[in-house]
Each structure stands twice: as C-alpha cells, then as structure tokens.
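The block underneath contains the structure these notes are about, expressed in structure tokens.
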Amino acid sequence: MARSDLTASRSDLEAALIEALFTQSPVGLHLLNTDLHVVRFNTATALARSVPVEDILGRPFTETYGLVEPDEIEALVRGVLVSGVPAIDRIVRLRPRAAPEREHRFAVSVFRLQNDRGAVLGLAAAVVDVTERERARQRLNLLAAARDSVGRTLDAGVTCQELADIVVPDFADTAVVEVVDSAMRGEEPPPAPLPAGVQLRRAAFSSRVPNAPQAHPVGHIRDVPGPTPDTEILSDLRPRVVRLHADLPWLAADPTRAQAIHASGAHTLLITPMTLRGAVLGLISLYLIGEADPYDEDDIALALDLANHTALCIDNARRYTREHTIATTLERRLLPDRAVPQTALGTAGMPIPSEGAVGWYDTIALPGARTALVVGEIAGQGIHVTAAVGQLRTVVRSLAAFDLEPDELIARLDDTATLLAAERASLPSGDSLHHEVFAATCTYAIYDPLALTCTAASAGRPTFAVTLPDGTTRIPDIPAGPQLGAVDRAPFAANTFAIPEGGILAMASPSTLSALPSDPELVQRSPAGADQSLEEILDAIVSRLLATDAGSRAAAVLLARPRGFPSECVATWQLSADPTATATARHHVHAQLATWNMDEETAFNTELIVSELVTNAVRHGSPPTELRLIHGRTLTCEVRDTSPAAPHLRHARTVDEGGRGLFIVAQIAQVWGTRYNADGKTVWTEQTLP
C-alpha cells in the first residue's frame, strides 16, 4: 500500500473516531475554546440529552448543567488552560435540569489542546457520571467509620452520641437516637412488638444547624403515643421514610415535636429500629433539611446496618451496666454498713472505685476492747471478683473469731486464697476466668487500746501511715509478705508499733499514701482531741485521690483514731499459784463490780466465771497468773498464764465428778475463747451488759 494511501486511511480513522466519540461514546466529551465556551459536545450521554443543544453550544461550560459549585469548577478549568497541567477525575456536584431534586456527582478530566506550534486552542473536558459509585463509596466509608468509632466505650449514652455525630452531616442533617429506658438501666430489652407504655429515653442528638430546635432534651423519657410511625416500626421492625408536612395527623397530635420539625425545616424523616435477636433496643430518627437528596433504598439499607451495629454496641453496654450494677450492689452489701462503735477507737472507711481492682475494708470487735482493722483488694473487675471479695471477707471474720495473731491469720487466709486460685485454674479453658491470675492483697492489724499499740501483718505491700498529733506522718515498718495465693510460700511476719492518743492510722492501697493527711491545714487537732472528724478527713483524702491518677488504682481507705481507754474501766490483779487464788480472785471481782455498779446477776455470773477460769489456771497452767476485768461495751474477763496448754470444752457424763467448769462458763458468757502469744495464753470471756 502506498504511503499516501496509509495517510488517507489514518485520517479517515481519526475522523471516524472523533465522530464516534461525539455521537456514540458514553463519556461526555466537551470541546471548549479559550473563553471556556462549549463549541462541541457528545450528544449521546444522558446528561447531554437532558439539556437542549442551544442551551449548551456557545455557552460557558460552568452555566450548562446546573453545577452546585460553578465558581470552583471555573477556577479548575481556567487553571488547566493557563498551566497546561491536566486535571484528572475531579469530582463535581450538579443538579441536572431534568431532575433538580437529586444531586449527581460526575468525574471530570480536563486537558489543554494546542497545535504543533504550541499555540493554545482550547480545552477537552471528559465528563463521566459516577453518582452511584460515589454514593456507594460514601456509604461504605460511613459504615466503616461507624464500626470504627461507635461503641468504643461501654457507655450506652456515649455510644448513641457517637452514632449521631457520625451520620451528621454526611448522611442526615439532624439525628436523634432513642433507647428503651429499661435497656439503658441494664435490663433485658423487650421483644417486638413492644407493648403499650414502653418508654423511650432520648440518648443522643446532633444537627448541622446551629442551635437546632429540639422537641425534647437529651435524657428526656417519653411514652410512645400511637398510632405513629414510631409505634408501627416498633411493632413490625421495618424502617420507614416519611415525608413531613403539617397535615400529618400523628404530627398534629404531638405539637412539641411538630413545632421543632417546622422550625428546623425538615422535610424527610427516616426512622430505623435498633434490634438484636428480635429484641428492641430503640429507634434512630434521621431528618433531611433544605435541598438534601431524599433517601432511597440503598440509604435505608445503610441505616439498617448502622442501627444493627449500634444495637450490638448498646447491648454490650447494657450487659456491662447490668453486671456493674450487680457487682456494685453486691460489693455494697458485702462491706460493713457502718463501723461497730468502739470505746477507744473511732473509724471511718470508704471503698474507692477502681479501674482494675475491687477492694474492701472491715472493722471487727475483738475481746479485750481490741479492734481488728482490715483492708484488702483483689485484682480484676466483675461479679466474680466481688464474690471473691465476699469469700475472703467472710474467712477473715471467721478467723478473727479465733483471736489469732495477725501473721497467723494472714497465713490461714493465704491457704484459702490458694484454694480460690486453684479453683480458677481448674475452670475450662474456654472460660475467660481461667486465664485470669488470682492476685489479692490484705493487711490485718489489731489495735490494743490498753497498750496504745497496733500489731499488723500484710500479704503484699503493707499500706500503713500514722499521722502524729503534731501533723507529721511516719510509715511503720511492717514486713511485706507475698500476695495471697501466690506461688511464693514465704512466711508472713508481724510487727508492733505505737499509736499515740490523738494520732490517726491510715490503711489503704499503696497509691493512696501520697494523699494521706500529713499537713496541718488538712488535719487540725490538738493533743487533747481532734477538731476535724474522721469523715471529713476521709472525704478530703478521697477527693484528693480522685483528682489524681492514684484514684484510678486505689481500692479502699480506712482511717482509725485511737482514744485512750479509761483507766478506771480496767482492773488487773496478780494471783498466787495456790488454791487460795480462787477465793482471792472472787473477792477482788466482787469489790470491783460493786465499784462499777454492776447488777447482782452480772456480778454473780462474773464471780462464777472467774472461779472456773482461775481454778483451771492454777491446776493446769503455769505461774504467774494474772486476772483482768475490762468494762467497755461488754464486760470482759481475762485470765492469763504462761502455759501453752489449752482448755477444752466437753460435756461431762452423769457419773463424772468434774469437767463441767468450761461448760458452765460457755452457758453464762456470751462468747469465750483462748488467745495465744509468745508468753503463754489468755482465756477470756465476754458478757453482754444490760
């Protein structure tokens, strides 16, 4: 083929290509001159067919198709004309004249045209309708953003507000989220259809309109009137798009809502139920204002996806709220309602909400006017941790009834904790509790008002501080034992330290030590007493803790203020190790009880108790023998000797001539027991005073 024939064939092909592009191609091709006027365009596209030819040819490109932002498009096109740098796939918005109620999106690519000599001839603009693609992309982006941002906390209110903020303004101009009130409180959501009287709580509101009118504030609880779109949706669980106008009967019956809708200018409402496994958690109401495109079927499907995700997040928050409520209630029931009043010790305690532990404190009355002070915590959260706290607290109280020394009590408590840890480890591997290590601490102290001393032992780091009457604070030297249930089986040790009258003993978690009342301005008191109550001091400490990071780790705080025990309420006698000691003891007791104005029955019973205890000490114990009476909230009788041999209560047979002494004591006294120490033992009884 001759060269001239090839050239002619190529020219024909180029001419045919240009003709096809301008008459058959789905791409909207436009030729613009240097004045940005349209000189030729593709008449085959739907966009071009919607506009008369005379309204396009010879007119500025920015005035042809109803561009939403014509000034920005003109700047873009003129920039290509000047610089020669193409603009590729720039998204523009327009409202075609044939359907101005719906916004379309087009991808525009603009190229500069110039001849072989470099002279600028004009521009070529390729326009492609990408409305559906962009809408699909926006829906996917919105759904991805919701899944990423909604439900980051276990707070139902925060979750609802996160959703409202996500959908406004990209998907709705105003959003309202309402949740079934009982579900907000942690109860099981009701199944559909909802019965009459179910209340909805407005949980979130968001609008692109500044100071947008609201029918009700967030937190408002309303009954669902009927018949309305709300009641229909809560019955059949199908979303609905409602065109809003003043003639709607259900809207006229709710003037507050009607006024808010009218004031906002909303014209379309999309209501979507939030459901999970057939249960209803609430409603999402999305309003459109102004020239916003109406909702279509794809938008309804997106709203359902958003509602389903939000419902799952709300249900997770609801379950957490329910478990937290149960755990908090259980914890509150497990803690003492109020401190047991003691003659020589004032106490005040408070559990502090913690992110990673549940704590407890306790005060236990012991014989001899003494008081046991307990503070402990278990790592973790939830009902199982609160239940474990209850188990340990019960064990501590049971062991305290045996009047054990602090180190021995902690050692036995550790045995219980080891069993609890073993039970947790033996759970099925699918149980989440199986993988949680049992970690607990406990500090147990016994305050003796007669000696003004405190003996303490600790599993874990000891958490003591003593504030002296002059305002200075010191940390007692208490040996730190292993945590409860730990693999480390090192022995526990106790130490005794003095607490002067007018001082304050503080027990708490380690992070609390920085907030103890060590400055004179916080704790103002004199050597003779305190001007500030323990409750006021405790409130100040807790407030300081909650204002710092320490508050997120503290689990409980217990304060104790010693008071001197009245010397006239204690009587002590040294007894000889011979049979006359019993008569001597009865004589001393009779005289002392008369001084205390005890009634005859109490005096008789006490003399009988003393006779039996002293007789046992003389016969079976080792000298020296000491008798002590303590007149406090109860009447305590103590007989001490240096023998470690313990008396045992037994029921004597009919033919036995003896062996009934301790049985008689047990019948007369309210409680009795034996306390051991390095110097021997003390047998004690307590009687309730009339």
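Just remember that this note's numbering sits 895 ahead of the position in the sequence shown, which is counted from 1.
Note that CB positions come from ideal geometry on N, CA and C, so glycine has one too.
Measure the alpha-carbon distance for residue i versus residue j and round it to whole angstroms.
i: residue 1245; j: residue 1252; result: 14 Å
i: residue 1575; j: residue 1508; result: 15 Å
i: residue 871; j: residue 1255; result: There is simply no residue 871 to check, as the chain begins at 896 and stops at 1585 in what is shown.
i: residue 1221; j: residue 1201; result: 30 Å
i: residue 1389; j: residue 1570; result: 16 Å
i: residue 1533; j: residue 1392; result: 23 Å
i: residue 1609; j: residue 1476; result: The displayed coordinates of the chain run from 896 to 1585. Any statement about residue 1609 would go beyond what the structure contains.
i: residue 1065; j: residue 1035; result: 12 Å
i: residue 934; j: residue 924; result: 11 Å
i: residue 1411; j: residue 1049; result: Interpretation of residue 1411 is limited by its pLDDT of 49, a score under 50 that renders its predicted location unreliable; the figure taken from the coordinates is listed afterwards. If you take the alpha carbons of residue 1411 and residue 1049, they lie about 33 Å apart.
i: residue 1463; j: residue 1516; result: 29 Å
i: residue 1000; j: residue 1128; result: 33 Å
i: residue 1339; j: residue 1361; result: 15 Å
i: residue 954; j: residue 1172; result: 59 Å
i: residue 1257; j: residue 1401; result: 13 Å
i: residue 1501; j: residue 1453; result: 36 Å
i: residue 906; j: residue 912; result: 10 Å
i: residue 936; j: residue 1154; result: 49 Å
i: residue 1415; j: residue 1325; result: Confidence is the limiting factor: at residue 1415 the pLDDT is only 38, short of 50, which leaves the residue's position unreliable, though a coordinate-based value still follows. Roughly 54 Å separates the two Cα atoms.
i: residue 1006; j: residue 1027; result: 25 Å
i: residue 1149; j: residue 1074; result: 19 Å
i: residue 1328; j: residue 1280; result: 10 Å
i: residue 1541; j: residue 1497; result: 26 Å
i: residue 956; j: residue 1059; result: 39 Å
i: residue 1528; j: residue 1239; result: 10 Å
i: residue 1282; j: residue 1215; result: 17 Å
i: residue 1572; j: residue 1493; result: 31 Å
i: residue 920; j: residue 983; result: 19 Å
Within 10 angstroms of the Cβ of residue i, are there 16 or more other Cβ atoms? Answer buried if so, exposed if not.
i: residue 1318; result: exposed
i: residue 1011; result: exposed
i: residue 1293; result: exposed
i: residue 1418; result: Summary for residue 1418: the model assigns pLDDT 37, below 50, so the residue's position carries little reliability; its value from the coordinates is reported in the next sentence. Burial call: buried.
i: residue 1105; result: exposed
i: residue 1538; result: exposed
i: residue 1526; result: buried
i: residue 950; result: exposed
i: residue 1192; result: exposed
i: residue 1565; result: exposed
i: residue 1394; result: buried
i: residue 1357; result: buried
i: residue 975; result: buried
i: residue 1237; result: buried
i: residue 1116; result: exposed
Does the beta carbon of residue i come closer than 8 Å to any beta carbon on chain D?
i: residue 988; result: Of the chains in the structure shown, none is chain D; there is only one protein chain.
Can the beta-carbon of residue i be found closer than 8 Å to that of residue j?
i: residue 1161; j: residue 1190; result: no
i: residue 1592; j: residue 1136; result: For residue 1592 there is no data in the structure shown, the boundaries of the chain being 896 and 1585.
i: residue 998; j: residue 946; result: no
i: residue 1461; j: residue 1396; result: no
i: residue 1209; j: residue 1078; result: yes
i: residue 1583; j: residue 1504; result: no
i: residue 1320; j: residue 1337; result: no
i: residue 1045; j: residue 1223; result: no
i: residue 1247; j: residue 1295; result: no
i: residue 1530; j: residue 1487; result: no
i: residue 1451; j: residue 1270; result: yes
i: residue 1261; j: residue 1373; result: no
i: residue 1143; j: residue 1152; result: no
i: residue 1040; j: residue 1212; result: no
i: residue 1306; j: residue 1387; result: yes
i: residue 1020; j: residue 927; result: yes
i: residue 1376; j: residue 1385; result: yes
i: residue 1086; j: residue 1174; result: yes
i: residue 1158; j: residue 1108; result: yes
i: residue 1179; j: residue 1015; result: no
Give the C-beta separation of residue i and residue j to the nearest angstrom, bearing in mind that I take them to be a contact with Cβ-Cβ under 8 Å.
i: residue 1103; j: residue 1063; result: 6 Å
i: residue 1187; j: residue 1024; result: About 20 Å; that fails the 8 Å criterion.
i: residue 1379; j: residue 1465; result: Between residue 1465 and residue 1379 the Cβ distance is about 36 Å, and since that is not below 8 Å, they are no contact.
i: residue 961; j: residue 989; result: 5 Å
i: residue 1535; j: residue 1479; result: Not a contact, Cβ separation roughly 16 Å.
Tell me, please, whether the segment 1293-1306 touches the segment 1316-1336 by the rule of three or more beta-carbon pairs shorter than 8 Å.
no
Cβ contact check for the segment 1303-1322 and the segment 1270-1288: 3 or more pairs under 8 Å:
yes
For the structure I just gave you, are there three or more beta carbon pairs, one from the segment 1047-1063 and one from the segment 1098-1109, closer than 8 Å?
yes
Counting pairs of beta carbons, one from the segment 1427-1435 and one from the segment 1365-1377, are three or more of them closer than 8 Å?
no
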